[in-house]
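Engineer: Protein chains in written order, with my numbering: chain G, 11 to 260; chain S, 919 to 1411. We put the CB at the ideal spot given by N, CA and C, even for glycine.
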Amino acid sequence: MIESIQLRIMQGDPIVHDVHHATLPPLFRGMPELHPEKCPDGCKECVNICPTGALQLHPLRIDLGLCVFCPACERSCPEKAIHFTREYHISCSSRNQLIVGGTQSSITPEIASKKIRDYFGKSLKLRQISAGGCNGCELEINATSNVNFDMGRFGIEFVASPRHADGVVITGPLTKTMAQATELCFDAVPAPKVIILVGTCAISGGIFKGSPEIDRTFLGSHSIDLYIPGCPPHPLTFLTGILDWLDRKV
Amino acid sequence: MTSLSVQNQQPFPIDDIPILSVKEFENSVREELLAQARMIGLFGLETTESATTVVAVLGHSSTSAIHLLGTTFTPANNRYRSFADVDPQTHYFECELAENHQIIPEGHPWLRPVRKQTIILANQPYSMYKMEGEEIHEVAVGPIHAGVIEPGHFRFQCHGELVYHLEIILGYQHRGIEKLLLNASPSQQSIICESITGDTVIGHSMAYALAVEALSNTSVSLRTQVFRSLAEELERIAMHLAGLGGIANDVGYAIGSASYGRLRTLAINSTALLCGSRFGRGFIVPGGLQFDPTDEAIEALKVNLHVVQHDVLVINEVMFGSTSVLGRLDHTGTVEKEWAQSIGMVGPAARASGLDVDTRSQFPYGAYKYIHLPLITLSSCDVFARARMRSLEIDESLRFIFDQLENLPSGSVQSEMNAIRANSGVVSLIEGWRGEIAHCAFTDSKGIWKRYRIKDPSFHNWYGLSLALRSEAISDFPLCNKSFDLSYSGHDL
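(1) What does S:I1087 touch in chain G if you count any residue whose Cβ is under 9 Å from its own?
(2) If we cut at 8 Å on Cβ distances, does S:F1197 have a partner in chain G?
(3) Mind reading off the beta-carbon distance from S:D1117 to G:N145? Whole number of angstroms is fine, and I expect it under 8 Å.
(4) Counting pairs of beta carbons, one from the stretch 988-1005 of chain S and one from the stretch 936-943 of chain S, are three or more of them closer than 8 Å?
(5) What's the gap between the Cα of S:Y1178 and the Cα of S:Y1047?
(6) When you compare the CB of G:S140 with every CB in chain S, is at least one pair closer than 8 Å?
(7) Since S:Q1332 sits in a beta bridge, which residues does DSSP pair it with?
(8) Below 8 Å on the Cβ atoms is my contact criterion, and I expect G:K125 with G:P202 to pass it. Report the Cβ-Cβ distance as a whole number of Å.
(9) Within the same chain, show all residues whose beta-carbon is closer than 7 Å to that of S:I1216, passing over the 5 residues directly before and after it, in chain order.
(10) Does the stretch 1324-1342 of chain S come within contact of the stretch 1132-1145 of chain S, defined as at least 3 CB pairs closer than 8 Å?
(11) When you compare only the Cα positions, how much space is there between G:R85 and G:H244?
(12) What does the Cβ neighbour count give for S:A1125, buried or exposed, with the cut at 16 atoms within 10 Å?
(13) I'd like the list of long-range same chain contacts for S:L1098, defined as Cβ closer than 7 Å, with 5 residues on each side in sequence excluded.
(14) Do you know how far the Cα of S:A1258 is from the Cα of S:G1301?
(15) If you follow the beta strand (DSSP E) that S:W1367 is part of, which residue opens it and which one closes it?
(16) For S:T1142 and chain G, any beta-carbon pair shorter than 8 Å?
(17) Do S:S1105 and S:V1331 have their C-beta atoms closer together than 8 Å?
(18) Output, in chain order, the set of chain S residues within a Cβ distance shorter than 9 Å of G:S221.
(19) By Cβ distance below 8 Å, which residues in the same chain neighbour S:L922 in space, the five residues on each side in sequence not counted?
(20) Tell me where the alpha helix (DSSP H) around G:G177 begins and ends.
(21) To the nearest angstrom, report how far apart G:Q16 and S:L1192 are at their CA atoms.
(22) Once DSSP output is grouped into helix, strand and coil, what is the label at S:C1111?
(23) So for S:R1030, helix, strand or coil by DSSP?
(24) Just reading off the alpha helix (DSSP H) that S:E1056 is part of, what are its end residues?
(25) Which residues in the same chain have their Cβ closer than 6 Å to the Cβ of S:A1268, if we skip the five residues on either side of it in sequence?
(26) On a Cα-Cα basis, can you pick out the residue from G:A32, G:I234, G:L134 and G:L67 that is closest to G:F159?
(27) Would you identify the three-state DSSP class for S:F1201, choosing helix, strand or coil?
(28) Does S:M957 come out as helix, strand or coil in the three-state DSSP assignment?
(29) Answer with buried or exposed for S:A1016, where buried requires no fewer than 16 other C-beta atoms within 10 angstroms of its C-beta.
(30) Helix, strand or coil for S:K1364? Go by DSSP, reduced to three states.
(31) Which residues in the same chain as G:E193 place their Cβ atom closer than 7 Å to its Cβ, once the five residues preceding and following it in sequence are excluded?
(32) Of all Cβ atoms in chain S, is any one closer than 8 Å to the Cβ of G:G75?
(33) By the criterion of Cβ-Cβ separation under 7 Å, what are the contact partners of G:R39 in chain S?
(34) In chain order, what residues of the same chain lie with their CB nearer than 6 Å to the CB of S:D1362, ignoring the 5 residues before and after it?
(35) Please look up how many angstroms separate the CB atoms of G:R137 and G:V178, rounded, as I've assumed it's under 8 Å.
(36) Looking only at its chain, what residues have a beta carbon closer than 6 Å to the beta carbon of S:A1172, apart from the 5 residues adjacent to it on each side?
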């Protein structure tokens, strides 16, 4: 007993209290800052090297739904027109919002409908479905519930059964072999229900886009409530995305 | 023996692999297995309509030699004698070969699907193993599980609480990685390899980078090598801390789970100091590293790891000193040494069953050629041993990192890449935190991949989990599962 108390004291206060103003490591790659005016004529270095085709030229833009947040474009640019900042507020509620350009410094999702806020504003229970996720997103989602991020304090939790859930969180590019299970799981969630896509693979297929082993029909037939980009998204991106979407002042 | 002998990451011309008759191939592989070889791969190298060339890759840990030999099967002549009677570790490789190429191992004890779930061999439906009798019941779990984890299906045959057999059906995570790699650009290949399994980013990206560097005759600086192994040990520390936290959670020891969880955050944040990603994404690429850690980053890393080193000792002492914890770990999920050996288990799970297997010392690569880590084994073969093994490995990895940080080599972390050799192959073995990762890469006449074969350590160890559950209470399944901590995506590819 004494040892356990000593351990508890040793834990100190590891929690991130202010989830909106945390400082991430200097090299963390979050919201990109783009300077199209620096692009030399005819230069296509970034577009050529991007592994997922996330970059567009004229004007220079990045689709964060395709971006795997690797440093390839930033490193290849001869004029340093691309720089990934440490800004982790990049979740959004429509697919178009993920295509960013210029010096926009962060993304804020549109606030959810009154109905959704009335139902889930104070308590949101989610069922996670990994459909080909590599365990990167899964680990970061698990981390949201640890002693550092402690999402439970906001009333947001992951539950074991879809019957207990208010929505699903999907990770991975949606493999053919998970298509049926994904559909069944979502059907088991009582309405009203939400769909949150976490990670580049879930949002667009990412690096697995075009693989014959992927089946994304489920996404085509349902509307998506929240997109949380990243490879994998930082737990704070997940947390602040949901809080902003539910218009929770913390 | 009739085989090509190479070292880890030593390139060779594909034509040097002896292609034997099926009969000779059977005999030679048997001889190798009887000489204590471990099977690293058995896969189709080239497939045309009329024939499939199959290659066997066998590792001899005592001599650090890797032997390769091949044979050719045709649709009319697609049978060979299964090796599983000499050495059961080959059973799963044979299932995989049958599933992918319709090549049939005669006398195989139990031909099962590997990734296709319900079919095996030309659309023959597969029925899961089923026990019958009064009071026998079946428990089916998954593919979606209660927690936030990857999908897989578990089928238990039980009598009351007691599990007689656990059958594991995987393949839900199959993304077609090996095929995608063949037509991918170099920058895409790096990302694909980082995504084989997102908890072993460093392990798989290093296996890939070393394979490419070997085939292109590119040498990297000592600084690169040291930072790569430093990142690998950091990954090991972080995932072992996560695993210990999971084990503590599964036995209801909340303070242990919370404490390991906090330290794991520190460990992965340390990886982020080196490359920006908490999982080491973007750090290792063929030719070196994408980031040269600054002095400030290294100082911050030291501060973090000192906390980890100090606190983990205290937490270990409390957790492994608690009788209520030990009561759940001791004698639970035992995989006897003979069993572990016979199914070819790898990594910390194998070492916890007393097997001397560690790629870092037996097939040294990168910085491990110059810097040695002790090979630790334990003998109790149970959940306790697997948990304790992970805590011991954390201590060793921390010591390794601190030693390296004392005396970091200087130099560039990027080397000029040469062209990749045509018609060549390489076997690249790495000790990931789960055990032996194998990437076997082969190029065509233009130096482009014609076959890229990946084996995650989970490929061997899933069957170990099945064995651990025999005669165990079904309520101990989560604990046993966590003690193995296997990858679904790494298995499914």
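Structural biologist: Reading from the atomic positions:
(1) Translated into positions along the second sequence, residue 1087 of chain S becomes position 169. In chain order: nothing, as chain G lies at least about 10 Å away.
(2) Here the question's residue 1197 of chain S lines up with position 279 in the second sequence. Output row for S:F1197: interface = yes.
(3) Reading the second sequence from its first residue, position 199 is the one you call residue 1117 of chain S. Reading the first sequence from its first residue, position 135 is the one you call residue 145 of chain G. Between G:N145 and S:D1117 the Cβ distance is about 5 Å, and since that is below 8 Å, they are a contact.
(4) yes
(5) The residue you call residue 1178 of chain S lines up with position 260 of the second sequence. The residue you call residue 1047 of chain S lines up with position 129 of the second sequence. The alpha-carbon atoms of S:Y1178 and S:Y1047 are separated by roughly 38 Å.
(6) Along the first sequence, one-based indexing puts residue 140 of chain G at 130. Chain S contact via Cβ: present.
(7) Here residue 1332 of chain S is taken as the residue at index 414 of the second sequence, counted from 1. Looking at the DSSP assignment, S:Q1332 forms a beta bridge with S:G1206.
(8) As a first step, residue 125 of chain G must be located in the first sequence, where it is residue number 115. As a first step, residue 202 of chain G must be located in the first sequence, where it is residue number 192. Yes, G:K125 and G:P202 are in contact; Cβ-Cβ is about 7 Å, under 8 Å.
(9) Looking up residue 1216 of chain S in the second sequence gives position 298. Result list for S:I1216: L1323, in chain order.
(10) yes
(11) Position 75 of the first sequence, counted from the first residue, corresponds to residue 85 of chain G. Position 234 of the first sequence, counted from the first residue, corresponds to residue 244 of chain G. Computed Cα separation, rounded: 22 Å.
(12) In the second sequence, the residue the question calls residue 1125 of chain S occupies position 207. S:A1125 is buried by the Cβ-count criterion.
(13) Along the second sequence, read from residue 1 onward, the residue named residue 1098 of chain S stands at position 180. The residues are I1110.
(14) Counting from 1 along the second sequence, the entry for residue 1301 of chain S is found at position 383. Counting from 1 along the second sequence, the entry for residue 1258 of chain S is found at position 340. A small correction: the amino acid at residue 1301 of chain S is Val; Gly does not occupy that position in the sequence shown. Computed Cα separation, rounded: 14 Å.
(15) Locating residue 1367 of chain S in the second sequence gives position 449, counting from the first residue. Note, S:W1367: beta strand (DSSP E), W1367 to K1373.
(16) Position 224 of the second sequence holds residue 1142 of chain S. Chain G contact via Cβ: absent.
(17) Locating residue 1105 of chain S in the second sequence gives position 187, where the first residue counts as 1. Locating residue 1331 of chain S in the second sequence gives position 413, where the first residue counts as 1. No, they are not a contact pair.
(18) Position 211 of the first sequence, counting from 1, holds the residue named residue 221 of chain G. Those within 9 Å of G:S221 in chain S are R1093, G1094, I1095, K1097 and L1098.
(19) For the purposes of this step, residue 922 of chain S is taken as residue 4 along the second sequence, with counting starting at 1. F930, D934, I935, P936, H985, L986 and L987, listed in sequence order.
(20) Locating residue 177 of chain G in the first sequence gives position 167, where the first residue counts as 1. Segment G177 to T181 is the beta strand (DSSP E) holding G:G177; no alpha helix (DSSP H) there.
(21) Along the first sequence, one-based indexing puts residue 16 of chain G at 6. Along the second sequence, one-based indexing puts residue 1192 of chain S at 274. The alpha-carbon atoms of G:Q16 and S:L1192 are separated by roughly 32 Å.
(22) Locating residue 1111 of chain S in the second sequence gives position 193, where the first residue counts as 1. The answer is helix: DSSP assigns S:C1111 an H, G or I state.
(23) As a position in the second sequence, residue 1030 of chain S is number 112, starting the count at 1. Coil, per DSSP.
(24) Residue mapping note: residue 1056 of chain S aligns to position 138 of the second sequence, counting from 1. No alpha helix (DSSP H) contains S:E1056, which is instead part of the beta strand (DSSP E) from I1054 to V1059.
(25) The count along the second sequence starts at 1 and reaches residue 1268 of chain S at position 350. Cβ within range, chain order: A1258 and V1275.
(26) Taking the first sequence and counting its residues from 1, the one referred to as residue 159 of chain G is at position 149. Of G:A32, G:I234, G:L134 and G:L67, the residue nearest in Cα terms is G:A32.
(27) Here residue 1201 of chain S refers to the residue found at position 283 when the second sequence is read from its first residue. Three-state DSSP puts S:F1201 in coil, outside helix and strand.
(28) Counting from one through the second sequence, the residue named residue 957 of chain S turns up at place 39. If DSSP states are grouped into helix, strand and coil, S:M957 belongs with the strands.
(29) Reading the second sequence from its first residue, position 98 is the one you call residue 1016 of chain S. Its Cβ being crowded by 16 or more others within 10 Å, S:A1016 is buried.
(30) The residue labelled residue 1364 of chain S in the question sits at position 446 within the second sequence. Coil, per DSSP.
(31) Against the first sequence, residue 193 of chain G aligns to sequence position 183. Correct list, in chain order: F228.
(32) Within the first sequence, numbered from 1, the residue matching residue 75 of chain G stands at position 65. Output row for G:G75: interface = no.
(33) For the purposes of this step, residue 39 of chain G is taken as residue 29 along the first sequence, with counting starting at 1. Per Cβ cutoff of 7 Å: G1194.
(34) Counting from one through the second sequence, the residue named residue 1362 of chain S turns up at place 444. The residues are K1368.
(35) Against the first sequence, residue 137 of chain G aligns to sequence position 127. Against the first sequence, residue 178 of chain G aligns to sequence position 168. Contact flag correct, Cβ pair sits at about 5 Å.
(36) Taking the first residue of the second sequence as 1, we reach residue 1172 of chain S at position 254. Excluding sequence neighbours, S:A1172 sits near nothing in its chain.
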